[in-house]
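Protein chains in written order, with this note's numbering: chain A, 170 to 496; chain B, 202 to 483. Here's the structure, in structure tokens; my notes come after.
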Ligand SMILES: [Zn+2]
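In structure tokens:
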């Protein structure tokens, strides 16, 4: 783990966290008193209340609130994890055809004992970067850039590690002109036969085809408070409920089975990576440590397989997914 | 961005371009030129308007009849039916939507697959049916397509898929999404086997189907003016908040952008496919 500068930032409060914030205000008020020392017992019990309340809230998080945590403005992003997990990261830009999409970052990086190719969605930290990244919605050149770097990794026998965090692939005129659908389709096909291990982690939002475009892997994990589904709750609510509000968003999030636990139960992912109490944004280093440990374990196992075996197993993994019945 | 592109079968109806199924009756009005047309003469013209060449949408049964040699279609997996793995309920249960669609179409789901002959050439054929929940892809569509691809590989036959889909089937959520990876992976294997895949894009081909097998043809053909895209026009308009250019996401536009090989009128589809098969020696 590198000496990262990432600091937890809790200056933004989700609606369901209001009771925790109220307790934190009481604690701060007490702490700032000149005679705070006289209230040691009260402080201790307030802190304990706060900790148990936070844990309880996150233990019973509804799917819709999970989506909110996944989109938390201070949730660690691809660039944060690179900083916390990778040594000697060498960013590699561009798709060699059209341009360099900042919504996908790629490059060489060392994770634990392994040299890897790391590729992931970037949502952006500053307003300027968010706009440039289209809030994590990649264009076709982003998917093509990802594929170029994967092929590079394949050629030199490096495992590919992908970080998925996107509301969806960008819907726009340029994206359509440059073949958004073709770019994602080609990634799905080529990832399915890439002759090197592919390890994927969904760190925030796993929005539909835009997420899957980096998600055809040998091992797939989700952070506990991320989501992964064919459509966002709002998109689903707009189409099926024909109205988007708090109630329909809740209902759609429930119906879509989009939580990490749901995805594990249906066999779409292999592991749910626990997050620190109150979400990854409260302790990014703890989240990074658990991701790093998991990646290192997977790469260690997958390196033992012959490339042909890896590809065959990857094929079978996706081939068997489906729920049909004979009538 | 708080809202993710909605790509689904109902998108199209909300989008305000309601291309209703051709109404019953002796006469019908062309969607494009508004001419009153004698129904039988349109049917005899492959459901293309004799006045303006507008290509009406056709269901899978009609498409198979138009495309294949008489009585040559021999189906796979006709009994395969959706299982509602998520017990999905929105304003009504998914099971009710399935039942209604099965009753309406007489089929179990939105794609028909099988072997057939096209001008005497044996082919593995898959035809999507937009009239079944908007041709949306759930587990059954994904499984039948993957099976058809594998059959084409095993029997060393050309594969033709006629696409018509609003995209993913939301009511199967992750299962629907994973069909994209599954079908694309099957096509990777078929490609390794040296197979020939001709993808035919018809109105409309959008969303998850476009972003998986539809765009992976060795050759990609499209019917004139078919809507083809990743995101639906309405979603794009909402995102960028400006008008879309004339002809945007139509077959001719995609040909200009370099993403399809040929726009082919329906009347020439049979000869086009058989000619390609001959050129490739498959
Ligand atoms: Zn007409």
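Glycine residues also receive a C-beta, built at the ideal position from the N, C-alpha and C atoms. None of the values given here were measured: they were computed from a predicted structure.
query, result
"Check whether residue 428 of chain A and residue 463 of chain A have beta carbons under 8 Å apart", "no"
"Through-space distance from residue 398 of chain A to residue 345 of chain A, alpha-carbon basis", "22 Å"
"Chain A contacts made by the stretch 349-372 of chain B, where a contact means CB separation under 7 Å", "369, 371"
"For review: beta carbons within less than 7 Å of any heavy atom in ligand 1", "B:231, B:233, B:234, B:236, B:250, B:252, B:253, B:255"
"Ranges of the beta strand (DSSP E) found wholly within the stretch 280-355 of chain A, counting only runs of at least 3", "283-290, 329-335"
"Same chain only: Cβ atoms within 6 Å of residue 328 of chain B, ignoring 5 sequence neighbours per side", "261, 264, 265, 313, 363"
"Per-residue burial, residue 292 of chain A [other beta carbons within 10 Å of its own, 16 or more giving buried]", "buried"
"8 Å Cβ cutoff, residue 492 of chain A in contact with chain B", "yes"
"Proximity test, Cβ basis, 8 Å: residue 404 of chain B and chain A", "no"
"Any non-hydrogen atom of ligand 3 closer than 7 Å to residue 313 of chain A Cβ", "Absent from the structure shown: ligand 3. Ligands present: ligand 1."
"CB contact below 8 Å: residue 313 of chain A versus chain B", "no"
"Cross-chain neighbours of residue 417 of chain B in chain A, by beta carbon under 9 Å", "351, 354, 355, 357, 358"
"Three-state secondary structure assigned by DSSP to residue 461 of chain B", "coil"
"Whole-number beta carbon distance between residue 290 of chain A and residue 254 of chain A, since they are thought to touch under 8 Å", "Not confirmed; about 16 Å, so no contact."
"Cα-Cα separation between residue 469 of chain B and residue 363 of chain A, rounded to whole angstroms", "38 Å"
"Euclidean distance between Cα positions of residue 403 of chain B and residue 451 of chain B", "10 Å"
"Whole-angstrom distance between residue 376 of chain A and residue 295 of chain B, CA atom to CA atom", "22 Å"
"Whole-number beta carbon distance between residue 278 of chain A and residue 257 of chain A, since they are thought to touch under 8 Å", "7 Å"
"Any chain B beta carbon closer than 8 Å to residue 425 of chain A", "yes"
"Chain-ordered neighbours of residue 372 of chain A on chain B, where CB pairs are closer than 7 Å", "Result: empty, since nearest Cβ-Cβ is about 17 Å, beyond 7 Å."
"Nearest-angstrom Cβ-Cβ length linking residue 269 of chain B and residue 326 of chain B, presumed shorter than 8 Å", "7 Å"
"Cα-Cα separation between residue 331 of chain A and residue 343 of chain B, rounded to whole angstroms", "25 Å"
"CB contact check: residue 381 of chain B to chain A, cutoff 8 Å", "yes"
"Boundaries (first-last residue) of the beta strand (DSSP E) holding residue 275 of chain B", "275-277"
"Beta carbon of residue 381 of chain B nearer than 8 Å to that of residue 357 of chain A", "yes"
"Inside the stretch 250-301 of chain B only - beta strand (DSSP E) runs reaching at least 3 residues", "275-277, 281-283"
"Any 3 or more C-beta pairs closer than 8 Å across the stretch 306-323 of chain B and the stretch 244-251 of chain B", "no"
"For residue 206 of chain A and residue 473 of chain A, the rounded distance between their alpha carbons", "59 Å"
"Alpha-carbon to alpha-carbon, residue 260 of chain A and residue 507 of chain A", "No answer is possible for residue 507 of chain A: the residues shown for chain A start at 170 and end at 496."
"Boundaries (first-last residue) of the alpha helix (DSSP H) holding residue 426 of chain B", "Counting along the chain, residue 426 of chain B falls outside any alpha helix (DSSP H), and DSSP gives it neither H nor E."
"Selection of the stretch 398-410 of chain A by Cβ proximity to chain B, strictly under 8 Å", "398, 399, 400, 401, 403, 404, 405, 407, 408, 409, 410"
"Distance between residue 447 of chain A and residue 232 of chain B (C-alpha atoms, nearest Å)", "55 Å"
"Meets three-Cβ-pair contact criterion under 8 Å: the stretch 368-387 of chain B and the stretch 408-415 of chain B", "yes"
"Where residue 170 of chain A falls: helix, strand or coil (DSSP)", "Interpretation of residue 170 of chain A is limited by its pLDDT of 38, a score under 50 that renders its predicted location unreliable; no figure is taken from the coordinates."
"Cutoff 8 Å: residue 342 of chain A Cβ touching any chain B Cβ", "yes"
"Between the CA atoms of residue 196 of chain A and residue 359 of chain A - distance to the nearest angstrom", "54 Å"
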